[in-house]
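One structure is given here, and the rest of the page talks about it.
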């Protein structure tokens with residue numbers, strides 16, 4: 102079985118087309134209903150109009166409408182806590198601004214209490230040692246240390262006079 106093309110493909114000759122100057126009614130023109138499916142009348146870059154096979158547009162399916170998703174619980178909790186936390190921080194700031202003079206006074210009182218404790222830790226033993234001495238002179242301390250051998254254990258006594 103021999104294959105016969107449905108349409109003859111020709112190229113433009115360099116000679117002028119004798120039919121170009123004829124009226125449209127004199128030329129054979131296909132009506133839009135006679136054009137087979139998949140073929141369209143196109144205008145070429147040179148200005149000529151010709152029938153051409155075109156790719157049919159790909160049909161893109163419309164996305165299915167998605168069902169409304171419920172709002173997650175963590176998002177609701179965060180949305181409800183955000184103003185509460187913000188107002189709490191604002192309240193703390195206002196409270197600290199009102200309490201600032203009292204806090205400054207308390208910090209001065211704590212510094213004074215710390216200085217008093219340090220003075221007590223240093224001063225009380227000094228006072229007690231002065232009272233214990235009475236009116237006598239300085240205390241004399243003597244030590245007697247003995248050791249036997251190079252690595253022997255050392256023994257000693259301390260005498261207060």
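In the working numbering, the protein residues as written are 102 to 262. Think of the CB as a built atom: it goes at the ideal place given N, C-alpha and C, for glycine as much as any other residue.
- No Cβ-Cβ contact shorter than 8 Å links residue 258 with residue 249.
- Given a length threshold of 3 residues, each whole run of the beta strand (DSSP E) inside the segment 119-197 is given here in chain order: 140-144 and 150-154.
- Distance from the CA atom of residue 256 to the CA atom of residue 226, rounded to whole angstroms, is 30 Å.
- In the three-state DSSP reduction, residue 215 falls in the helix class (H, G or I).
- For residue 257, the enclosing beta strand (DSSP E) starts and ends at 255-261.
- CA-CA distance, residue 136 to residue 163, rounds to 30 Å.
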